[in-house]
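So for the sequence shown, our numbering puts the first residue at 85; every next one is plus one.
Using N, Cα and C, we set each Cβ at its ideal position, and we do this for glycine too.
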Amino acid sequence: MLQALAVSPAALDAGFSSPPEQMPVSPQHVRQTAVDLVARNQLSQAFALVEGAVRQHPDSQELVSLLALISEARQDWTKASFYLERLVRLQGSGVTAETLSHWVRVLRCLGEMGRAARLAGNALKMYPGDVMLESESQTLNSILAAKSARAGA
Numbered sequence: 085m086l087q088a089l090a091v092s093p094a095a096l097d098a099g100f101s102s103p104p105e106q107m108p109v110s111p112q113h114v115r116q117t118a119v120d121l122v123a124r125n126q127l128s129q130a131f132a133l134v135e136g137a138v139r140q141h142p143d144s145q146e147l148v149s150l151l152a153l154i155s156e157a158r159q160d161w162t163k164a165s166f167y168l169e170r171l172v173r174l175q176g177s178g179v180t181a182e183t184l185s186h187w188v189r190v191l192r193c194l195g196e197m198g199r200a201a202r203l204a205g206n207a208l209k210m211y212p213g214d215v216m217l218e219s220e221s222q223t224l225n226s227i228l229a230a231k232s233a234r235a236g237a
């Protein structure tokens, strides 16, 4: 079983009449288990495991980033955007270029080109020259220029 369960002796004597309580599981343990599940292409199980662990550790950047990454792998762009936005809030002024580039890409996949372009522009001000952000920004500029050209034609 993925999570350790603790059962009191009284519950054993009562024939399991009361439900066992879940013991806290460390984010590191959850991460390793989730990585193993993802490696076996068990994305739904990995997501469910990490989602449950986030209830115990709601401010764990590690777990929230895992939810975003698994959502991206599942191409569930709505959940990926939700968890990336949450991760940005958790990281605060220490938000990473990697987090921002993932969020830009997810917004692009959601078709939110304007929002993605604004985020990319702001992110590049924070991290000028970041390769991933530059790439995302160029892709967005190309898409928006093509849309503009089609609209003008």
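Worksheet item: Quick one: Cα of Ala-207 to Cα of Tyr-167, how far?
Response: Locating residue 207 in the sequence shown gives position 123, where the first residue counts as 1. Locating residue 167 in the sequence shown gives position 83, where the first residue counts as 1. Rounded to whole angstroms, the separation of the alpha carbons of Tyr-167 and Ala-207 is 18 Å.
Item to complete: With DSSP collapsed to three states, give me the class of Glu-218.
Response: Sequence index remark: in the sequence shown, residue 218 carries index 134 (1-based). Glu-218 falls in the helix class under three-state DSSP.
Worksheet item: Taking Cβ to Cβ, would you say Ser-165 is nearer than 8 Å to Leu-191?
Response: Here residue 165 refers to the residue found at position 81 when the sequence shown is read from its first residue. Here residue 191 refers to the residue found at position 107 when the sequence shown is read from its first residue. In contact: Ser-165 and Leu-191 (Cβ atoms closer than 8 Å).
Fill in: Proximity winner among Ser-110, Ala-201, Leu-153, Ala-233, relative to Val-122 (alpha-carbon distances)
Within the sequence shown, the letter at position 38 stands for residue 122. Selected option, being the one with the closest Cα: Leu-153.
Worksheet item: According to the neighbour-count rule (16 or more other Cβ atoms, all chains shown, within 10 Å of its Cβ), is Ala-137 buried or exposed?
Response: For the purposes of this step, residue 137 is taken as residue 53 along the sequence shown, with counting starting at 1. Taking a 10 Å sphere around the C-beta of Ala-137, we find 16 or more other C-beta atoms and assign the residue as buried.
Item to complete: Report the rounded CA-to-CA distance for Ala-181 versus Ser-219, giving the unit in angstroms.
Response: Numbered from its first residue, the sequence shown carries residue 181 at position 97. Numbered from its first residue, the sequence shown carries residue 219 at position 135. Whole-angstrom Cα-Cα distance: 12 Å.
Worksheet item: So, is the C-beta of Glu-196 closer than 8 Å to a C-beta in chain C?
Response: Of the protein chains in this structure there is only one, and it is not chain C.
Worksheet item: Do you know whose CA, among Ser-185, Asn-225, Arg-202, Leu-203, lies nearest Val-215's CA?
Response: Reading the sequence shown from its first residue, position 131 is the one you call residue 215. With distances taken between Cα atoms, Val-215 lies closest to Ser-185.
Worksheet item: Under 8 Å between the Cβ atoms of Asn-217 and Ala-204?
Response: Taking the first residue of the sequence shown as position 1, residue 217 is located at position 133. Taking the first residue of the sequence shown as position 1, residue 204 is located at position 120. Residue identity differs from the one stated: residue 217 is Leu in this sequence, not Asn. Judged by their CB atoms, Leu-217 and Ala-204 are nearer to each other than the 8 Å cut-off.
Item to complete: Output yes or no for whether 8 Å exceeds the beta carbon distance between Leu-133 and Val-114.
Response: Position 49 of the sequence shown, counted from the first residue, corresponds to residue 133. Position 30 of the sequence shown, counted from the first residue, corresponds to residue 114. Their beta carbons are under 8 Å apart, which means Leu-133 touches Val-114 by this criterion.
Fill in: Ile-227 in three-state terms, based on DSSP
As a working note, residue 227 is residue 143 in the sequence shown. DSSP, read as helix, strand or coil, puts Ile-227 in helix.
Worksheet item: Val-172: which of Val-188, Asp-160, Gln-159, Trp-161 sits nearest, CA to CA?
Response: Counting from one through the sequence shown, the residue named residue 172 turns up at place 88. The residue among Val-188, Asp-160, Gln-159, Trp-161 with its C-alpha nearest the C-alpha of Val-172 is Val-188.
Practice prompt. Give the straight-line distance between the Cα atoms of Gln-222 and Pro-212, rounded to the nearest whole angstrom.
Written response: Position 138 of the sequence shown, counted from the start, is the residue given in the question as residue 222. Position 128 of the sequence shown, counted from the start, is the residue given in the question as residue 212. Here the alpha carbon of Gln-222 sits roughly 14 Å from the alpha carbon of Pro-212.
Item to complete: Put Val-109 into one of helix, strand or coil per three-state DSSP.
Response: Within the sequence shown, residue 109 is the residue found at index 25, counting from 1. Taken through DSSP and simplified to helix, strand or coil, Val-109 comes out as coil.
Worksheet item: How would you label Thr-183, buried or exposed, when you count the other beta carbons within 10 angstroms and need 16 or more for buried?
Response: Reading the sequence shown from its first residue, position 99 is the one you call residue 183. With 16 or more other Cβ atoms from the protein chains shown falling within 10 Å of its own Cβ, Thr-183 counts as buried.
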